[in-house]
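Novice: Structure provided below as structure tokens; questions to follow.
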Amino acid sequence: GFANEETEAAGDSVFGGAALRDGAHLAELWFDVFNTATLPFYWAGFEPRRGHPDTARLRRAAQWFVDHGCAVKGHPLAWHTLAPSWLRDLSTDEVEEAVRERIVRDVSGFRGLIDVWDAINEVVIMPVFDKEDNGMTRLCQKLGRVETVRLAIDTARSANPGATLLLNDFDLSPAYEHLVEDCLEAGVQIDALGLQSHMHQGYWGEDKTLAILERFARFGLPLHMTESTLLSGHLMPREIEDLNDYQIPEWPSTPEGEARQADEIVRHYSTLISHPAVSSITYWGLTDDGAWLGAPAGLVRTDGTPKPAYLALRDLIKGRWWLEPTTVRTDDEGRIGVQGFLGDYRVTVGSRSGHVTIDAPDGVSEVVVV
């Protein structure tokens with residue numbers, strides 16, 4: 001879908017960490033714009049004690065979204081950051097076996113509820129990551145990047161052959177391109193490429209965004225903009241190399257920043273949707289409450305009121321890009337032609353109606369009986 005959002009699944013929080021008491025209000029805002037939820041499967045939080053995964057809670061969350069007509073994605077299956085501490089006590093071979101067990105358990109266990117996964121996250125940096133000891137980095141050092149990707153992708157595929165499995169990264173340098181090339185040449189079956197775009201240091205602009213899309217579109221795989229953020233407060237200094245290193249006590253949203261965010265989100269989404277390789281856009285967090293790094297990256301303020309960026313994005317999706325009720329005349333064979341986005345359509349003839357779902361991008365013909 002072209003409108004997604006990352007949300008927490010904790011029993012006492014919803015929609016990016018906001019309090020449960022605000023859940024109904026935030027749900028209304030959320031469903032008015034977004035159609036796909038990304039649920040957190042960070043291994044350290046999901047299974048802090050080996051053999052005690054948080055399956056039931058995540059299943060309830062996934063089922064709730066599905067029951068409300070929303071698709072669900074899982075993030076991530078394998079990642080060096082937020083790997084459980086108990087992996088450190090295992091040998092490298094035992095880490096590999098634990099990774100396989102985790103992936104099979106969760107992908108098969110959520111099959112039918114979650115069929116899209118970030119199979120492995122941030123592999124470019126994985127074997128050289130040195131900020132904390134973790135089992136995944138050790139495993140990647142042993143196997144190499146390509147075989148670590150193969151491990152995650154192939155294991156997930158065995159658990160759900162119909163799943164859409166992503167390779168996801170924030171490092172959009174040529175190193176990521178080389179990794180993708182090496183994986184594809186080695187026969188690793190990647191279904192889509194995840195491109196992160198946390199713009200805490202400023203909006204990329206149209207030219208840079210299109211240049212990045214062109215570089216990765218050459219692989220012929222769908223591009224998922226998996227983690228997009230734009231700030232409504234001051235920008236992080238550009239000399240900060242690792243965004244996680246920027247820790248400040250308060251990072252408020254400002255009127256000037258909110259106006260900038262509203263302008264930039266329209267420009268960013270318009271640029272992304274103009275490129276035929278882009279098949280999914282995820283905005284990373286609905287509210288400022290609980291936002292990553294404490295940044296004012298949400299589309300809703302901490303008090304629950306929508307920012308101008310939320311209203312601008314809603315107007316873009318539900319206004320400019322929404323197919324309004326349209327009267328058309330069939331040809332002699334009862335056919336009509338409609339140009340619009342992928343999705344669900346209702347066709348009404350007199351007092352009778354039928355529904356059709358268009359889920360393929362190129363010239364689809366569907367029969368609707370009314």
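Residues in the sequence shown are numbered from 1 upward in steps of one, following the numbering used here. Idealized CB from N, CA, C, for every residue including glycine.
Among the candidates 225, 221, 257, 218, whose CA atom is the shortest distance from the CA of residue 236?
Specialist: Minimum Cα distance to residue 236 is reached at 257.
Novice: So, are the CB atoms of residue 82 and residue 24 less than 7 Å apart?
Specialist: Their beta carbons are not under 7 Å apart, which means residue 82 does not touch residue 24 by this criterion.
Novice: How long is the line joining the alpha carbons of residue 113 and residue 286, rounded to whole angstroms?
Specialist: Whole-angstrom Cα-Cα distance: 22 Å.
Novice: Pick out whichever of 160, 154, 132, 194 has its Cα sitting closest to the Cα of residue 186.
Specialist: Of the candidates 160, 154, 132, 194, the one whose C-alpha sits nearest the C-alpha of residue 186 is 154.
Novice: Can you give the beta carbon distance from residue 191 to residue 164, rounded, assuming they're within the 8 Å contact cut?
Specialist: Confirmed, about 5 Å.
Novice: Check for me: the alpha helix (DSSP H) holding residue 330 runs from which residue to which?
Specialist: It is not in any alpha helix (DSSP H) - residue 330 carries neither H nor E in the DSSP assignment.
Novice: How would you label residue 31, buried or exposed, when you count the other beta carbons within 10 angstroms and need 16 or more for buried?
Specialist: Exposed, by the Cβ-count rule.
Novice: Specify the secondary structure class of residue 40 as computed by DSSP and reduced to three states.
Specialist: Three-state DSSP puts residue 40 in a strand.
Novice: Just tell me which of 308, 284, 275, 305 has its CA closest to the CA of residue 297.
Specialist: Taking only the C-alpha atoms, the option nearest residue 297 is 284.
Novice: Taking residue 282 as part of the alpha helix (DSSP H), name the residues at either end of that continuous run.
Specialist: Residue 282 -> not in any alpha helix (DSSP H); beta strand (DSSP E) instead, spanning 278-283.
Novice: What does a CB cutoff of less than 7 Å around residue 63 pick up in its chain, not counting 5 residues either side in sequence?
Specialist: Only 113 meet the Cβ criterion.
Novice: Assuming residue 30 is part of the beta strand (DSSP E), what are its boundary residues?
Specialist: It is not in any beta strand (DSSP E) - residue 30 instead sits in the alpha helix (DSSP H) that spans 23-31.
Novice: Excluding the 5 residues flanking residue 21 on each side, which residues of the same chain have their C-beta closer than 7 Å to its C-beta?
Specialist: Here the model assigns residue 21 a pLDDT of 49, short of 50, so the residue's position is not dependable and the matter cannot be decided.
Novice: Tell me the rounded alpha-carbon separation between residue 223 and residue 282.
Specialist: Rounded to the nearest angstrom, the two C-alpha atoms are 11 Å apart.
Novice: Ordered along the chain, which non-local residues of its own chain (more than five positions away) have a Cβ less than 8 Å from that of residue 202?
Specialist: Cβ neighbours of residue 202 beyond the five flanking positions: 235, 238.
Novice: I need the DSSP call for residue 270, collapsed to helix, strand or coil.
Specialist: Three-state DSSP puts residue 270 in a helix.
Novice: So, using beta-carbon positions, are residue 74 and residue 41 closer together than 7 Å?
Specialist: In this structure, residue 41 lies closer than 7 Å to residue 74 by Cβ.
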